[in-house]
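Q: When we follow our numbering, the leftmost residue of the sequence shown carries the number 10, and every step to the right adds one. Where is the CB? At the ideal position from N, CA and C, for every residue including glycine. Model, not experiment: these values are computed from the prediction. Questions regarding the structure given below will be posed in turn.
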Amino acid sequence: MKKLVISILFILVGVFVVDRLGGMLMWWINQNTHDTTGPKMKYMVNDLNEDVLLLGASKCQRHYVSSIISDTLGMSVYNGGIDATNNIYAHYINLNYVLTHHTPKIVCLEVLSSDYALTSHNFDAVSFFSPYFGLSERADSVFRLAGNYQKYRVSHLYRYNARAVSNIFGLVVNRQEGADHGYLPNPKPTHPVSALRHSDTPQFIDSLKLSYVQKFVNLCKQKDIKLIFMLSPMYMKVDADHYGPLKALAKQNDIPFLDYHTPGLYLDHPEYFLDRYHLWDQPARAFSSLFASDLKRTLESM
């Protein structure tokens, strides 16, 4: 019996040591990778000091050229969009990490129908932010909601599970080429985009997601941050009420909503799109000029 207890203790100590050493190694990799996510998160957590912060998923990261917007506004701009973070939980975490050391004057949030629609796997993307577990209590509250809080407390190595392969790959291949203050360009497509389709309006609303959109709004109000919602072009048709719940929430909170998708901007130019969701670099630059001018007028009226 004594030998069994000693063996179990030895195994537990071994697992603990491996976990802590593995966590230290993955932290180093995370801080030195050049993948699409690691450097951006490191900058936003530690060094971001720009006046204007853009947040969202891949459409944000690939559609808004920071230098073009900065030149128009006469303000410093950083594009904090992160690939595959397709709902409000990730953006709420991201904002809270930034606010631990800096308060931007303006936040522009690229919204999606997935910010209100009832979908599965809502919390997958929050694991992208787990390397910074413990930095912000408000961010950690989302990890609790996702059911990962205790796992991240117990295992340091588990915190890197979501982006481990990408982080390691980023030590070998630099995926930051062409980066412009957080903007990452898409290449020119080699094949035409698929045929224009209609995207159905989500029928079921996730009230928890909408409550976190409101939390995001309240946090900006609390910090005296000017908040703008935005929707960049996609190569798909939608009904006028496709973003209804988000537009209603914006109206209730007196938040400007710059919508370029519902009216169908660029639907007559399929050659502008890499795929149904993303512009490639040259059209993104043209769109950024249009957006920057509209944003400037919007800010002047706020």
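(1) How many Å lie between V22 and S16 at the Cα?
(2) Tell me whether the beta-carbon of N183 lies closer than 8 Å to the beta-carbon of R71.
(3) Once DSSP output is grouped into helix, strand and coil, what is the label at V86?
(4) I think M239 touches E59, with their Cβ atoms under 8 Å apart; what is that distance to the nearest whole Å?
(5) Give the DSSP-derived three-state secondary structure of D268 in the structure shown.
(6) With DSSP run on the structure shown, which of helix, strand or coil describes H207?
(7) Alpha helix (DSSP H) containing E309: first to last residue?
(8) Exposed or buried, L63, counting other C-beta atoms within 10 Å across all chains shown (16 or more means buried)?
(9) Suppose you measure from the CA of D92 to the CA of S75; what does that come to, to the nearest Å?
(10) What is the rounded straight-line gap between the Cα of T307 and the Cα of H207?
(11) Whose C-beta lies closer than 7 Å to the C-beta of A155 among residues of the same chain, with five residues either side of it excluded?
(12) Alpha carbon to alpha carbon, what distance is there between S298 and Y87?
(13) With contact counted as at least three CB pairs below 8 Å, one residue from each stretch, are the segment 161-169 and the segment 112-126 in contact?
(14) Per the contact definition of three or more C-beta pairs closer than 8 Å, is the segment 39-53 in contact with the segment 169-183?
(15) I think F213 touches L267, with their Cβ atoms under 8 Å apart; what is that distance to the nearest whole Å?
(16) Could you compute how far the alpha carbon of Y153 sits from the alpha carbon of S79?
(17) My guess is that L142 and R168 are in contact by the Cβ rule of under 8 Å, so how many angstroms apart are they, rounded?
(18) Would you say N58 faces chain C, with C-beta separation under 8 Å as the test?
(19) Looking at L166: is its Cβ nearer than 8 Å to the Cβ of D290?
(20) Ignore the nearest five residues each way along the sequence and tell me which others in M50's own chain have a CB closer than 6 Å to its CB.
(21) Let me check one thing: in DSSP terms, what residues is F238 bridge-paired to?
(22) Using CA coordinates, which residue listed in N170, Y286, K230 and V14 is at the minimum distance from W36?
(23) Taking just the CA atoms, how far does H110 sit from L30?
(24) Apply the 10 Å Cβ neighbour rule to F25 and answer buried if 16 or more other Cβ atoms are within range, or exposed otherwise.
(25) Under 8 Å, with one C-beta from each stretch per pair, do the segment 90-109 and the segment 227-234 reach the 3-pair mark?
A: Looking at the atomic coordinates:
(1) The sequence position of residue 22 within the sequence shown is 13, counting from 1. The sequence position of residue 16 within the sequence shown is 7, counting from 1. Looking at the two C-alpha atoms, the distance is approximately 10 Å.
(2) Here residue 183 refers to the residue found at position 174 when the sequence shown is read from its first residue. Here residue 71 refers to the residue found at position 62 when the sequence shown is read from its first residue. Cβ distance not < 8 Å, so N183 and R71 don't count as in contact.
(3) For the purposes of this step, residue 86 is taken as residue 77 along the sequence shown, with counting starting at 1. Of the three classes helix, strand and coil, the one that applies to V86 here is strand, per DSSP.
(4) Sequence index remark: in the sequence shown, residue 239 carries index 230 (1-based). Sequence index remark: in the sequence shown, residue 59 carries index 50 (1-based). By a beta-carbon distance limit of 8 Å, M239 does not contact E59. Their separation comes to about 17 Å.
(5) Along the sequence shown, read from residue 1 onward, the residue named residue 268 stands at position 259. Of the three classes helix, strand and coil, the one that applies to D268 here is strand, per DSSP.
(6) Within the sequence shown, residue 207 is the residue found at index 198, counting from 1. DSSP, read as helix, strand or coil, puts H207 in strand.
(7) Within the sequence shown, numbered from 1, the residue matching residue 309 stands at position 300. Where E309 is concerned, the enclosing alpha helix (DSSP H) stretches over D290 to S310.
(8) Locating residue 63 in the sequence shown gives position 54, counting from the first residue. Counting Cβ neighbours within 10 Å, L63 comes out buried, since at least 16 surround it.
(9) Along the sequence shown, one-based indexing puts residue 92 at 83. Along the sequence shown, one-based indexing puts residue 75 at 66. When rounded, the distance between both Cα atoms is 16 Å.
(10) Taking the first residue of the sequence shown as 1, we reach residue 307 at position 298. Taking the first residue of the sequence shown as 1, we reach residue 207 at position 198. Distance between the alpha carbons of T307 and H207 is about 30 Å.
(11) Here the question's residue 155 lines up with position 146 in the sequence shown. Within its own chain, the residues whose Cβ lies closer than 7 Å to the Cβ of A155, once the five positions on either side in sequence are excluded, are F132 and V135, listed in chain order.
(12) For this step, residue 87 is matched to residue 78 along the sequence shown. For this step, residue 298 is matched to residue 289 along the sequence shown. For the pair Y87 and S298, the Cα-to-Cα distance works out to about 15 Å.
(13) These segments do not touch.
(14) Contact annotation: the segment 169-183 touches the segment 39-53, with at least three C-beta pairs closer than 8 Å.
(15) Taking the first residue of the sequence shown as position 1, residue 213 is located at position 204. Taking the first residue of the sequence shown as position 1, residue 267 is located at position 258. Wrong, their Cβ atoms sit about 26 Å apart, outside the cutoff.
(16) Locating residue 153 in the sequence shown gives position 144, counting from the first residue. Locating residue 79 in the sequence shown gives position 70, counting from the first residue. Going by the sequence as given, residue 153 is Arg instead of Tyr. Looking at the backbone, the Cα of R153 and that of S79 are separated by about 37 Å.
(17) Reading the sequence shown from its first residue, position 133 is the one you call residue 142. Reading the sequence shown from its first residue, position 159 is the one you call residue 168. Per the sequence shown, the amino acid found at residue 142 is Phe instead of Leu. 6 Å between Cβ atoms; contact.
(18) The chain inventory of the structure shown lacks chain C, comprising one protein chain alone.
(19) Against the sequence shown, residue 166 aligns to sequence position 157. Against the sequence shown, residue 290 aligns to sequence position 281. With respect to D290, L166 sits apart: the two C-beta atoms are not nearer than 8 Å.
(20) Taking the first residue of the sequence shown as 1, we reach residue 50 at position 41. By the criterion of a C-beta distance shorter than 6 Å, M50 is surrounded by no residue of its chain, once the five residues flanking it on both sides are discounted.
(21) Taking the first residue of the sequence shown as position 1, residue 238 is located at position 229. Residue pairing by DSSP places F238 opposite L118 and F266 in a beta bridge.
(22) By 1-based counting over the sequence shown, the position of residue 36 is 27. Cα-wise, what sits closest to W36 is N170.
(23) For the purposes of this step, residue 30 is identified with residue 21 of the sequence shown, where counting begins at 1. For the purposes of this step, residue 110 is identified with residue 101 of the sequence shown, where counting begins at 1. One Cα belongs to L30, the other to H110, and the distance between them is close to 28 Å.
(24) In the sequence shown, counting from the first residue as 1, residue 25 sits at position 16. Around the CB of F25, fewer than 16 other CB atoms lie within 10 Å, so the residue is classed as exposed.
(25) In short, these stretches touch, since the Cβ pair count reaches three.
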